[in-house]
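Colleague: Those sequence lines, one after another, are chains W, R and Y.
The numbering used here applies: residue 25 is where the first sequence begins, and numbers increase by one.
The numbering used here applies: residue 7 is where the second sequence begins, and numbers increase by one.
The numbering used here applies: residue 2 is where the third sequence begins, and numbers increase by one.
We put the beta carbon where it would ideally sit given N, CA and C, even for glycine.
First the structure, then my questions, so here it is.
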Amino acid sequence: MFPPYLRAHRTSFMNNHAENPDGPTPSSGNDQDLLPILNQPTTRRTALKAVGAALGLAAFGKAISPLASIPENVSVDEFLQQHYKELSDDDKERIFARLEQETKESYGADVTISDHRPIPGVRFAYAINLSKCNGNGKCMEACHLENNHHRGVDQSYIRVLELPKGTLDMEEGNTTFDHTVPQEDKFYMPVQCQQCDNPPCVTVCPVEATWKEDDGIVVVDYNWCIGCRYCEAACPYHARRFNWEQPEIPAEEVNPDQGYLSNRVRPQGTMEKCHFCLHRTREGRLPACLEACPTGARVFGDLNDPDSPINYVLQNKRVFVLKEELGTRPSFFYFFD
Amino acid sequence: MALIVVIVECPTQCRVVTKALSDMSRNFSSSNPNPARGGIRVTGFARLSLVILTLVAITSLAFAALAPFSSPSEPVATERKREARFAVEIHKPDSPPLVEIGLNDENGNPITATCATCHANREPDPSVRTVEDLKSFHRELVIDHGKLSCFSCHNSADYSSLKLADGTRVEFTEVMQLCAQCHGPQMKDYENGVHGGMVGHWDLSRGPQQKNNCVDCHRPHAPQFPRMIPTFKPDDRFLDKHVPPVPESAPDLIHE
Amino acid sequence: MSSASSQQVAETERLHPIRSYPRFLWWGIGEATNGNLLFYTWMFVLTAVALVGANAWAVQVSSGMIVTNMTDHVSWGLYIANFTFMVGVAAGGVMMVIPAYLYHDRKMHDVVIIGEILAIAAIVMCLLFVVVDLGRPERFWHLIPGIGRFNWPMSMLTWDVIVLNGYLLLNLHICGYLLYMRFLNRQPNPRWYVPFVLVSIFWAISIHTVTAFLYCGLGGRPFWNTALLAPRFLASAFVAGPAFILILFSILKNIVGTRMDEAPARLLINIIRVTIIVNLVMVASEIFTEFYTGGAHTASARYLFLGLHGHNALVPWIWTAMTFNIVAAVLFLSPLPFRSERVLLLACVLAFVGAWIEKGMGLIVPGFIPSTLHEIVEYTPSLVEWKVSVGIWAFGLMVLTILLKLAISVYRLKPLVPAETPEPE
């Protein structure tokens, strides 16, 4: 009737010699006792179990009580906020007003948050002249100030590598150099988001919180990111930064000119990255790191404009991209004079 | 615990496959518009609406054929050509330079003079090529500019100006012409926006751009870019910091 | 015969008043929470540890992940390492299902439920480890297809969400159904579980393959970017899973006093004998490729095994793991485990701990060291990370204990109606 392997269930090795003293042994097939298992008299043990469960729950409530501070940081509106691409203009207006209000409350600064959209037909690219860069780090500092970075860790989207002449192997590099620059036997290579055309960070994001916009900039919706840091693991350029804690910025240092997808103060627990200062560049202005560069090593422009400086570099200089073998197709180029 | 039940239904798959395909076929140099999130739906409802759509299309085609004077379709939105309506402003030296004469006024401030103040009544000495040849004045100058001599650039006929290699007079404010004689490749880069610092707008249809002059970054007598001390370093947790931090008063630029 | 069977069913139904699955579960929870002093002490300790973990997690959520020792350089740490390992343990449970259902090994049928219960507990732990790793856990709903934006099929993490939750549901169904039928003293209908069991076999392999793809799909991390990663994961999973089940058998036999058949244990030992060698061979070929080829891509491997530029935090870990794995392999290959239960236990513990280190400190962490810009930032888990991780382990063990007790309670029930084969008493 049953396949033999099913019958195996019958011969259980799990049967114990000793009967469980409290266990229900529904051996009395009594008609009155319809629920011999559920209708047991409330034993002392059951009561104790209930007390234990209640104590356990209370202890659990106490254990997670630090979460009570969260409602200050996470409003219901923020919790229910939709993905950036699904927001209507009215939604955005409301959300930006709320974020401005929150910045005022938390940082004491009056800021304006705007929604900068790509300029039609423009595609941004960046180039750095490694013959000129002398590793002075002004770009890092400008980024730090422009983009409302966490003051505590001197956060910046740029890292400048000091490499010995004769190699491009980053293994030989150093970012913590702290001496007069440039050293005779060294050259310097700033690395920031390469705004890849095939961005691994966008591919891996499980919630589409990061994406590539039409002008080539890879952006993050800080209010949609769940903080899994998969993009940080995927990025080959160390371009992504995580907000390990709520950023601290003195009120007078907060840059009030803010973009929703760019330099507004990021929430704790979310990912951020270089966005080519889109709140500036989408208004036609130059990125902060370029303006700060005292050596003029930085070149920025529109790839779709044949007369742009960036196209001049591509056509007249010998350029290379970092880690080309990974197929990320950066919009960020390096060249030597 | 986040128990996430996934309902994989046919339309979802189709949408997703469409998205994947369009992702793969994305051309890297073109500005890639995001693929529509819609996609093919193959439910019964979709089939019904497809039939209705086809009917509507056929009907409208018939109407279009019957209406020869129908209004022309909307012109395709063409890319707005960005015209350079703003200028690239190149910073210029205010005036010919003033030289400290080595004396102080009653307030203790150094007295300065224009070149012509002294040189108007001094005969130029063509034999002077370097600082070492000078007997008085300017001996503190550090000159490290190839094999140039004073009169390669300074105009002995008019010390309030400079001169090109062919002897043409050039104002101090137009010094870039002088530099460009030898530094052609740099000038070419400069003119194409690839040399020299700048601020302002990359998009000249939206605003002007201000660029440095040669002598803003390069000292004419010793033009190599000065060495610097970095004042800003990454301060990540656990990062090795072998060298003690720079004192706050450290000079930024070091002229040697 | 069939009329006898239907009579039997009718009789059972008359005698068994619990006829709904929720009621059965409620009864099961009541049963599973009965026990002796040892049981209550065990559960009390686990609860206390889990609460410490919950508290540490709450602190982490409110003050930010700054309380962990993860950095922008080493952005995944103890949580993801444990997650990866537990996926392996969950997948390892399937090694009992394959012989039982694919090869119709009767003796394995009753122990198969242990493997599946282990898989449930391990998956619950996996999901918890992922949740505690999130910077914004309250936004988990962004992952729910339909409500959020689920980047499927591009993101491997979305595949992982699907396969892990799917595996959890599959095992919950199979375990629940088989136990419920057993409880009702009914023969389970193969239609209602055999297809699920077959699916779960492939699914188990997929959970670990997909988890390996999470890492080996990242071109920017050469240490992970190897095709051997998924097979290695599977091999080590098929060591760690059966090893843990063997330890469980021993606990059930010696502490709980459940009578065990020898055959399943023998089979598991034989499975480990094969997989532990396969794992070592793959590790060796990875090491060869890395060190013989040389170049910048071997930096992580050099850091892991030898230390790099004076940094060597992981060197003791990996050599401990290697020693454990090799000693365990030698022990398993010798006839000793069949003779001495102590040796067997030692070998299992060595294999289990070895696999844990290899997956965590030996695989996840060195993938980040040196960073993609070849900066070296070392990582040692913070106290909060240890608390949270141990808390999740405690919670997982609680789930495992409760489910095992439930299963044992069901199996201990005296059948009301004599079955075809009389129960050996």
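What is the DSSP secondary structure of Glu376 (chain Y), counted as helix, strand or coil?
Modeller: If DSSP states are grouped into helix, strand and coil, Glu376 (chain Y) belongs with coil.
Colleague: Using a cut-off of 8 Å between C-beta atoms, extract the partners of Ser180 (chain W) located in chain R.
Modeller: By Cβ distance, chain R contributes Phe238 and Pro240.
Colleague: Going by other Cβ atoms of all chains shown within 10 Å of its Cβ, with 16 needed for buried, is Leu307 (chain Y) buried or exposed?
Modeller: It counts as exposed.
Colleague: In chain order, what residues of the same chain lie with their CB nearer than 6 Å to the CB of Asp239 (chain W), ignoring the 5 residues before and after it?
Modeller: Around Asp239 (chain W): Pro142, Val146, Arg147 and Phe148.
Colleague: For Pro311 (chain W), does the count of other Cβ atoms within 10 angstroms reach 16, so buried, or fall short, so exposed?
Modeller: Counting Cβ neighbours within 10 Å, Pro311 (chain W) comes out buried, since at least 16 surround it.
Colleague: Rounded to whole angstroms, what's the CA-CA distance from Ile208 (chain Y) to Ile248 (chain Y)? Just pull it up for me.
Modeller: Distance between the alpha carbons of Ile208 (chain Y) and Ile248 (chain Y): 23 Å.
Colleague: Could you list which residues in chain W have their beta carbon closer than 8 Å to that of Ala55 (chain Y), in chain order?
Modeller: Ordered by position in chain W, the residues that pass the 8 Å Cβ test against Ala55 (chain Y) are Phe84, Ala87 and Ile88.
Colleague: Any beta carbon from chain W within less than 9 Å of Gln215 (chain R)'s own beta carbon?
Modeller: Chain W contact via Cβ: present.
Colleague: Chain R beta carbons: is any one of them nearer than 9 Å to that of Tyr164 (chain W)?
Modeller: One detail in the question is off: residue 164 (chain W) reads as Met in this sequence, not Tyr. By this cut-off, Met164 (chain W) is an interface position.
Colleague: Would you kindly check if the distance between the Cβ of Gly93 (chain Y) and the Cβ of Phe239 (chain Y) is under 9 Å?
Modeller: Yes, the Cβ-Cβ distance between Phe239 (chain Y) and Gly93 (chain Y) is below 9 Å.
Colleague: Is Asp245 (chain W) helix, strand or coil by DSSP?
Modeller: Note: Asp245 (chain W) maps to coil in three-state DSSP.
Colleague: Give the straight-line distance between the Cα atoms of Asp139 (chain R) and Val176 (chain R), rounded to the nearest whole angstrom.
Modeller: Asp139 (chain R) and Val176 (chain R): Cα-Cα distance of roughly 25 Å.
Colleague: Can you give me the Cβ contacts of Pro243 (chain Y) inside the same chain, cut-off strictly under 7 Å, excluding the 5 residues immediately before and after it?
Modeller: Excluding residues within five positions, the ones whose Cβ falls inside 7 Å are Gly93, Met96, Leu269, Ile272 and Ile273.
Colleague: Closest Cβ-Cβ distance between Asp209 (chain R) and chain W: below 9 Å?
Modeller: So yes, Asp209 (chain R) belongs to the interface.
Colleague: What first and last residue would you give for the alpha helix (DSSP H) that runs through Pro196 (chain Y)?
Modeller: Where Pro196 (chain Y) is concerned, the enclosing alpha helix (DSSP H) stretches over Pro191 to Cys217.
Colleague: Specify the secondary structure class of Val411 (chain Y) as computed by DSSP and reduced to three states.
Modeller: Here Val411 (chain Y) sits in helix by DSSP.
Colleague: Could you check whether the Cβ of Arg175 (chain R) sits closer than 9 Å to any Cβ belonging to chain Y?
Modeller: Taking Cβ atoms only, chain Y never reaches closer than 9 Å to Arg175 (chain R), which makes this a no.
Colleague: Going by the beta-carbon positions, is the gap between Glu256 (chain W) and Met194 (chain W) smaller than 9 Å?
Modeller: Not closer than 9 Å, so no.
Colleague: For the region 317-351 of chain W, list every residue whose C-beta sits within 9 Å of some C-beta in chain Y, in sequence order.
Modeller: Here the close residues are Lys347, Glu349, Leu350 and Gly351.
Colleague: Using C-beta distances below 7 Å, list every residue in its chain close to Val228 (chain W), excluding the 5 sequence neighbours before and after it, in chain order.
Modeller: Hits under 7 Å: Tyr254, Cys255 and Ala258.
Colleague: Would you report the Cα separation of Ala285 (chain Y) and Ala55 (chain Y), rounded to the nearest angstrom?
Modeller: About 39 Å.
Colleague: Look up Ile88 (chain W) in the DSSP assignment and say whether it is helix, strand or coil.
Modeller: Ile88 (chain W) falls in the coil class under three-state DSSP.
Colleague: Indicate whether His299 (chain W) and Val243 (chain W) have their beta-carbon atoms separated by less than 9 Å.
Modeller: Cβ atoms of His299 (chain W) and Val243 (chain W): closer than 9 Å.
Colleague: For Glu32 (chain Y), is the classification buried or exposed, using 16 other Cβ atoms within 10 angstroms of its Cβ as the cut-off for buried?
Modeller: The residue in question, Glu32 (chain Y), is buried, as its Cβ has 16 or more Cβ neighbours within 10 Å.
Colleague: Where does Ala123 (chain Y) land, buried or exposed, given buried means 16+ other C-beta within 10 angstroms?
Modeller: Buried, since its Cβ has 16 or more Cβ neighbours within 10 Å.
Colleague: Ordered along the chain, which non-local residues of its own chain (more than five positions away) have a Cβ less than 6 Å from that of Arg267 (chain Y)?
Modeller: Excluding positions up to five away in sequence, the list is empty.
Colleague: Tell me the start and end of each unbroken alpha helix (DSSP H) in the region 198-234 of chain R that is at least 4 residues and wholly inside, in chain order.
Modeller: Taking only runs of at least 4 residues, the alpha helix (DSSP H) segments lying wholly in the region 198-234 of chain R are 220-223.
Colleague: Could you work out which residue in Y:Leu351, Y:Ile409, Y:Ala264 and Y:Leu401 is closest to Phe339 (chain Y) when comparing CA atoms only?
Modeller: Among Y:Leu351, Y:Ile409, Y:Ala264 and Y:Leu401, the Cα nearest to that of Phe339 (chain Y) is on Y:Ala264.
Colleague: Any Cβ of chain W within less than 9 Å of the Cβ of Arg343 (chain Y)?
Modeller: No, Arg343 (chain Y) lies away from the interface with chain W (no Cβ there is under 9 Å from its Cβ).
Colleague: On the three-pair Cβ rule with 8 Å, is the region 210-228 of chain W touching the region 43-63 of chain Y?
Modeller: At 8 Å Cβ cutoff, the stretches do not touch.
Colleague: Is Val177 (chain W) helix, strand or coil by DSSP?
Modeller: DSSP places Val177 (chain W) in coil when its eight states are reduced to three.
Colleague: Spell out whether any CB of chain W is found under 9 Å from the CB atom of Gly114 (chain R).
Modeller: Closer than 9 Å: no.
Colleague: Tell me which residues share the same chain as Ala122 (chain R) and place their Cβ nearer than 6 Å to its Cβ, disregarding the 5 neighbours each side in the sequence.
Modeller: Closer than 6 Å at Cβ, skipping near neighbours: Tyr165 and Ser166.
Colleague: Since Glu379 (chain Y) meets chain R, which of its residues come closer than 7 Å, beta carbon to beta carbon?
Modeller: Here the neighbours are Phe244.
Colleague: Can you find at least 3 beta carbon pairs, one from the region 359-372 of chain Y and one from the region 68-81 of chain Y, that sit closer than 8 Å?
Modeller: The region 359-372 of chain Y is in contact with the region 68-81 of chain Y.
Colleague: Between the C-alpha atoms of Val200 (chain R) and Val323 (chain W), what's the straight-line distance to the nearest angstrom?
Modeller: Distance between the alpha carbons of Val200 (chain R) and Val323 (chain W): 6 Å.
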